[in-house]
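Participant:
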Amino acid sequence: MDDDEYKKLLESAKSQLPDEIANHERFEVPVPEVMVEGKTTIVRNFIDIAESINREPEHLLAFLLRELGTPGSIEGRRVVFRSKVPESLISERINEYIQTYVLCSECGRPDTRLVREGRILMLECDACGAKRPVHVKKGSSSGRGREPSLVPGNVYSMMIQDVGNRGDGVARIGKYIIYVPGTTKGSEVRVKIMTLRGTRAYGTVVNE
Ligand SMILES: [Zn+2]
């Protein structure tokens with residue numbers, strides 16, 4: 271189809287939208303550009319994502335680190351996670367952040383601001399004036415809490431705090447107990463999680 275035809279089609283499609291939607295720019299969050307490089311995961315357009323939702327990159331980062339259970343930092347316009355994180359999980363958590371910290375629950379618009387009132391973080395909507403406290407979800411569909419969730423195959427830094435009955439080193443991260451054979455109490459190790467059953471994990475030391 272030629273350009274004119276396309277424009278006509280677009281116009282007629284627009285005219286069928288309710289005014290409220292047609293009058294607003296569409297809310298578009300860039301799809302995360304994720305690259306796994308060795309043992310790190312890079313989101314190349316991280317700052318673009320933060321800017322598109324009008325939030326502090328550091329705030330979004332802190333949320334992601336907590337939810338993904340990985341260390342990481344902002345480097346230029348990118349974020350670098352110090353572990354392998356599946357792309358789908360990153361998108362999912364960014365969507366969660368948007369639901370929690372960006373979208374107005376009354377009108378669904380993203381034209382909102384975070385305002386602190388005493389100890390309560392409020393989400394104030396510039397579009398409709400609604401105001402609600404930010405409810406940080408305690409546990410999502412996957413049953414995770416706010417604590418970092420261990421992901422089998424990922425590598426975590428931890429300190430061996432104890433030695434179990436069978437001689438394995440024992441470390442704790444949040445609610446998890448991680449058994450690591452061949453380690454001694456007090457040692458700092460990087461551990462790849464091999465199996466995870468509930469809150470018990472078994473890992474092996476990785477040397478880098
Ligand atoms: Zn609103």
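Start counting the sequence shown at 271; every next residue gets the next number (my numbering). Note that CB positions come from ideal geometry on N, CA and C, so glycine has one too.
1. Do you know how far the Cα of residue 398 is from the Cα of residue 377?
2. Does any heavy atom of ligand 1 sit closer than 7 angstroms to the C-beta of residue 400?
3. Please determine whether the Cβ atom of residue 386 lies at a distance below 7 angstroms from any heavy atom of ligand 1.
4. Considering only the alpha carbon of each residue, which of 340, 327, 333 lies closest to residue 347?
5. Enumerate, from N- to C-terminal direction, the unbroken beta strand (DSSP E) stretches of 3 or more residues contained entirely within the segment 294-326.
6. What runs of the beta strand (DSSP E), each 3 residues or longer, lie entirely inside the segment 333-402?
7. One question on the structure: do residue 445 and residue 469 come within less than 8 angstroms of each other, judged by their Cβ atoms?
8. Which residues share a DSSP beta bridge with residue 432?
9. Taking Cβ to Cβ, would you say residue 363 is nearer than 8 angstroms to residue 334?
10. May I ask you to check if the CB of residue 379 is nearer than 7 angstroms to at least one heavy atom of ligand 1?
11. Which residues bound the beta strand (DSSP E) around residue 473?
12. Which residue wins for smallest C-alpha separation from residue 356, given the options 310, 392, 451, 321?
Facilitator: In brief:
1. To locate residue 377, count along the sequence shown from 1; it is residue 107. To locate residue 398, count along the sequence shown from 1; it is residue 128. Going by the C-alpha atoms only, they are around 7 angstroms apart.
2. Counting from 1 along the sequence shown, the entry for residue 400 is found at position 130. Yes, the beta carbon of residue 400 sits closer than 7 angstroms to at least one heavy atom of ligand 1.
3. Counting from one through the sequence shown, the residue named residue 386 turns up at place 116. Checking every heavy atom of ligand 1 against the Cβ of residue 386, none is found closer than 7 angstroms.
4. Start at 1 with the first residue of the sequence shown, and residue 347 comes out as number 77. Of the listed residues, the one whose Cα sits closest to residue 347 is 327.
5. If you keep only unbroken beta strand (DSSP E) runs of at least 3 residues inside the segment 294-326, you get 304-307, 310-313.
6. You should have 342-345, 348-351, 382-387, 390-395.
7. Walking along the sequence shown from the start, residue 445 turns up at place 175. Walking along the sequence shown from the start, residue 469 turns up at place 199. Yes, Cβ-Cβ distance for residue 445 and residue 469 is below 8 angstroms.
8. On the sequence shown, position 162 is the one that residue 432 refers to. Per DSSP, 440.
9. Residue numbering aside, residue 363 sits at position 93 when the sequence shown is read from its first letter. Residue numbering aside, residue 334 sits at position 64 when the sequence shown is read from its first letter. For the pair residue 363 and residue 334, the CB atoms are nearer than the 8 angstroms cut-off.
10. As a working mapping, residue 379 is identified with position 109 in the sequence shown. Within the cutoff, so yes.
11. Along the sequence shown, one-based indexing puts residue 473 at 203. It spans 470-475 - the beta strand (DSSP E) in which residue 473 sits, taken as one unbroken run.
12. Reading the sequence shown from its first residue, position 86 is the one you call residue 356. Of the listed residues, the one whose Cα sits closest to residue 356 is 310.
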